[in-house]
Structures are given as structure tokens and as C-alpha cells.
Amino acid sequence: MNVSQRDISLFSNLRFILVETSHPGNIGMVARAMKTMGFSRLVLVRPRLPGALTHESAIQLASNAVDILENAEVVDSVEEALKDCRFACAVTSRFREFSPPIIRAREAAVHIAAHPDLNPALVFGSEKYGLPNETVEKCHAMISIPANPDYASLNLAQAVQILAYECRMALPQDVLPDQNVESAGFEDIPASVSQIDGMLNHLEEALTTIGFLNEHSPKKLMPRLRRLFARSALEVDEINILRGIASQIMKKKRPDSH
């Protein structure tokens with residue numbers, strides 16, 4: 001694919017996902033930040049204020065990027081927002097116990113720019129609470145933007161602007177992802193977020209069936225497995241293998257219960 005084709009593909013494929021945003025004005029500023037860098041796909045997950053996209057402050061602060069608001073998607077869940085996404089990055093300032101691999105914003109941008117066919121996504125949390133752990137754990141990688149440790153507070157639109165800028169600047173560079181991003185590379189068709197979720201649910205059921213996992217006790221095992229698989233950059237064939245193993249475990253175990 002030549003650079004111009006890749007540019008067009010990335011600008012249309014990269015989605016910016018805002019989770020439970022509180023203030024319509026921030027949504028408007030995000031739209032403006034996206035459009036200045038050439039991006040257009042905005043997805044809102046359960047915005048706190050109904051009608052946020054048509055709110056006066058959103059329209060006013062979007063300036064000439066109202067078309068981004070008009071074409072934005074509003075969905076009820078992160079799973080729906082990440083549908084068909086094969087490389088999702090959670091943008092957060094808070095490190096988690098079971099986070100996916102952590103990469104720098106510039107490294108993520110290079111990987112995203114090189115692979116627009118992965119339907120990549122950048123996921124941003126609410127202004128007050130950020131992203132919940134379960135959303136971060138669904139992503140393939142986590143981005144933390146380095147800032148002044150004495151005052152590291154970036155607002156939502158600033159974070160979007162930085163990531164959008166990095167992705168745009170990565171486009172002309174005909175370079176391979178560096179070693180830290182290589183863990184997010186794929187040799188075959190990468191598994192989508194929903195495929196990974198389905199496999200983990202299947203595996204959890206199998207592990208419960210054989211008594212390895214107690215469904216009534218606090219579960220740290222499944223988040224650890226999710227983190228392990230996030231580092232592995234699972235492909236569709238590998239998902240099918242793991243689900244096949246889970247099916248065989250359950251099939252072999254059931255006759256023993258009689």
C-alpha cells in the first residue's frame with residue numbers, strides 16, 4: 001500500500017472512543033482536535049448527558065468541526081464501540097495491576113499508522129474517573145502520556161490532540177515499529193476484542209468445570225490470563241485452538257459427574 005492510500009485508510013479507520021464523558025464542551029473540543037489532524041471517526045460510550053452531541057457548548061467549542069459531531073456514533077457499551085477492532089489502546093495516566101502491555105504514545109502511533117487495516121482504536125475515559133479497569137483490560141495496549149510529575153493533569157481534548165498528532169506524524173515515516181511495539185505485531189489475522197472476550201469466557205467456564213477456578217471466590221486468575229494473552233497478540237487461529245481446548249475439557253469432564 002502506498003503512503004497516500006495508507007493515509008486515507010488510517011484517517012477513516014482510526015476511531016477515537018470516549019467513555020462516559022461528562023461535559024458536552026469537552027466532546028466539542030475533542031471533535032476539533034481530531035479534525036485538525038484529519039481524523040473523523042468519533043464514538044461515544046454512554047455520554048453522561050443525553051443529547052451531548054447537539055448541546056450548545058459542544059457545537060460552539062467544536063468550531064468548524066461540527067461535521068465530526070454530526071457523524072459520531074453513540075453506543076451503549078465498550079464492547080460495541082470496539083466491535084471489529086483488532087488493536088485498541090487505552091489512554092490512561094493510572095497504572096493497573098492487570099494492565100495490558102504499556103507502550104509510549106509515539107510507538108503506538110507508529111504501529112497504528114502502519115496497520116490501519118486493524119481498525120485501530122484509542123480509548124479515553126471520563127474527565128473525573130478515567131477508564132475503569134475492565135475497559136483497560138480489554139485493550140491490547142495501554143498508553144500513558146508522560147507529563148510534569150508535579151502537575152500531570154491533561155484534559156480530555158489535550159490527550160486526544162497529542163495522540164491524533166502522533167498518529168498523523170507517524171504516517172510519512174516508512175519505519176517498522178520498534179521492539180516495544182513488536183509484541184503487538186501479528187503474523188496472521190489478529191483476534192478482535194470480542195473474540196478474545198468470548199475465548200476468555202469459554203476458558204473461565206472450562207476452568208470452573210474442572211474445579212481449577214472457584215466461581216464463588218474473588219477471581220484474580222482471569223485478569224492475569226487476560227494480561228498474559230494481551231502480551232501474546234493472539235490471532236484468530238490461536239483463539240480457535242484455545243476454544244477447542246476449552247470445549248474438550250468440558251466434554252471430558254461432564255461424563256465424570258454421573
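Under UniProt numbering, the residue at position 168 of the sequence shown is numbered 168, and the numbers go up by one with no gaps. C-beta: ideal position from N, C-alpha, C; glycine also.
Here Glu20 is buried, its C-beta having at least 16 other C-beta atoms within 10 Å. Counting only the Cα atoms, Ile210 lies some 32 angstroms from Cys85. For Phe87, same chain residues with a beta-carbon under 6 angstroms away, outside a window of 5 residues either side, are Leu118, Pro120, His140 in chain order. Per DSSP, the unbroken alpha helix (DSSP H) holding Ile68 starts and ends at 66-70.
The residue from Ile249, Ser232, Ile196, Lys251 with its alpha-carbon nearest to that of Ile239 is Ile196. Residue state for Ala121 is assigned as strand, using DSSP reduced to three classes. Annotated three-state conformation of Ser77 is coil, per DSSP.
The C-alpha of Phe124 is placed about 15 angstroms away from the C-alpha of Gly25. Look at the beta carbons and you see the region 93-110 touching the region 137-153: at least three pairs across the two are nearer than 8 angstroms. Just so you know, the alpha carbons of Leu156 and Val75 end up roughly 19 angstroms apart. Per the C-alpha coordinates, the member of Ser247, Lys220, Lys251, Ile59 positioned closest to Glu97 is Lys220. At a cut-off of 4 residues, the continuous stretches assigned as alpha helix (DSSP H) that sit fully inside the region 110-157 are 133-138. The Cβ atoms of Leu44 and Met34 do not sit closer than 9 angstroms to each other. When only Cα atoms are considered, Ala31 and Glu80 end up about 20 angstroms apart.
Annotation for Ala65: Ala31, Arg32, Lys35 place their beta carbon closer than 6 angstroms to its own, counting only its chain and skipping 5 residues before and after. Within the same chain, Met37, Gly38 come within 7 angstroms of Arg168 by CB-CB distance, once the 5 residues on both sides are set aside. A straight line joining the alpha-carbon of Thr208 with that of Asn214 spans about 6 angstroms. Arg41 has Arg15 as its beta-bridge partners, per DSSP.
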